[in-house]
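Accompanying notes for the structure given below.
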Amino acid sequence: MQPTSHVAWYNRYLPGASQPEEDADFSFRKEHAMLNPAQFPAMSITTGGHTKDNLHQALDQAGIQCNAHADALFDDPRFTISPEPHAATVLFITVAELRLPKGANLPAIFAQAENSGLTLCPLELAVDLRLQWRDQGQSTNHDLHRHEAPQGAVTVASPVADPDPGQPKGYYLRNVGGQLWLRGYICDDEYIWQPADQFAFLSRK
């Protein structure tokens, strides 16, 4: 299932109309306005109701590869299990679409998302999303580079409890040559994510 297509977020003025000069208060209100979920790619999934062992087994059976950071996150205190399955709507949004056109660090991205009406994802949901999203588009560049989000990756936005830059912050999903990956990532607060980098958030109910 591919996320539904979206219409980009634009500020439009009528042809020939003068553009009002933005004062600081107007600019702040626009930057923190709620996003319309209907404007972004979305995917409905079912999450919860499985043990960690169930999830590990499902990843193995599906042939989904994990890196060491991904495996370590299963033992992270943030990785809690929902006892009952429930529906969730995942939105796919770039940093630029969060109205951060120059990019931003992770705390700024998460704060902007929450101010815009989005919710961070439990780690459990990232695993369920990987298991249910089998037709993710393939990355056109298979290389991994330090200090750079991989091309074609979708980073699942999850709360960060440990500021230690050596500790995995969460998961990202990638399709490399037809091989699906669930990978953990590390970064510090100095790292600036690029405007085109894509994140997955939950739509706030």
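Numbering (UniProt numbering) for the sequence shown: 1 to 205.
Using N, Cα and C, we set each Cβ at its ideal position, and we do this for glycine too.
Length of the line joining the Cα atoms of residue i and residue j
{"i": "R174", "j": "A33", "result": "30 Å"}
{"i": "N105", "j": "A111", "result": "10 Å"}
{"i": "A113", "j": "T119", "result": "7 Å"}
{"i": "P41", "j": "V90", "result": "8 Å"}
{"i": "V176", "j": "E148", "result": "16 Å"}
{"i": "D71", "j": "Q65", "result": "10 Å"}
{"i": "G137", "j": "H56", "result": "23 Å"}
{"i": "I109", "j": "Q179", "result": "29 Å"}
{"i": "K52", "j": "I81", "result": "8 Å"}
{"i": "G63", "j": "D135", "result": "14 Å"}
{"i": "T140", "j": "W181", "result": "15 Å"}
{"i": "M43", "j": "R204", "result": "14 Å"}
{"i": "D164", "j": "P107", "result": "14 Å"}
Own chain partners of residue i with C-beta closer than 8 Å, once the 5 adjacent residues on each side are dropped
{"i": "S116", "result": "H32, A33, M34, L35, L98 and R99"}
{"i": "T46", "result": "P85, H86, A87, A88, D128 and Q132"}
{"i": "L59", "result": "C66, V127, R130, L131 and L182"}
{"i": "G48", "result": "I81, S82, P83, E84, P85, H86, E124 and D128"}
Among the options, the one whose alpha carbon lies nearest that of residue i
{"i": "H50", "options": "F79, Q167 and F40", "result": "F79"}
{"i": "L202", "options": "I81, I93, E84 and H56", "result": "I93"}
{"i": "Y172", "options": "D53, H69 and N141", "result": "H69"}
{"i": "G184", "options": "D164, A200, T140 and F74", "result": "F74"}
{"i": "R130", "options": "D188, Q61 and Q39", "result": "Q61"}
{"i": "N67", "options": "P168, A58 and P83", "result": "P168"}
{"i": "A200", "options": "T140, L125, W181 and P83", "result": "L125"}
Cβ shell of residue i (< 7 Å), same chain only, five flanking positions each side left out
{"i": "P101", "result": "P195"}
{"i": "G103", "result": "V95, I192, W193, Q194 and P195"}
{"i": "G166", "result": "I186"}
{"i": "C121", "result": "V156, A157, S158, A200, F201 and L202"}
{"i": "D188", "result": "P165"}
Residue environment, residue i, which counts as buried when at least 16 other CB atoms sit within 10 Å
{"i": "P150", "result": "buried"}
{"i": "A87", "result": "exposed"}
{"i": "Q198", "result": "buried"}
{"i": "P159", "result": "exposed"}
{"i": "E190", "result": "exposed"}
{"i": "D25", "result": "Low confidence applies to D25: its pLDDT is 46, below 50, so where it sits in the model is not reliable, and the reading given next is rough at best. The residue is exposed, with fewer than 16 neighbouring Cβ atoms inside 10 Å."}
{"i": "G170", "result": "buried"}
{"i": "T155", "result": "buried"}
{"i": "A38", "result": "exposed"}
{"i": "P83", "result": "exposed"}
Continuous beta strand (DSSP E) stretch holding residue i: start and end
{"i": "V90", "result": "H86 to T94"}
Boundaries of the alpha helix (DSSP H) in which residue i is found, first to last residue
{"i": "Q61", "result": "K52 to A62"}
{"i": "L173", "result": "Where L173 is concerned, there is no enclosing alpha helix (DSSP H), although the beta strand (DSSP E) it sits in stretches over G170 to V176."}
{"i": "residue 211", "result": "Outside the displayed span of the chain (1 to 205) sits residue 211, for which this structure offers no information."}
{"i": "L182", "result": "That residue, L182, is in no alpha helix (DSSP H); its beta strand (DSSP E) goes Q179 to Y185."}
{"i": "L106", "result": "L106 to N115"}
Cβ-heavy atom distance, residue i to the ligand FAD, below 8 Å
{"i": "V95", "result": "The ligand content of the structure shown is nil, which means the ligand FAD is not present either."}
Own chain residues within Cβ distance below 6 Å of residue i, not counting five before or after
{"i": "A161", "result": "R78"}
{"i": "A153", "result": "Y172 and R174"}
{"i": "D76", "result": "none"}
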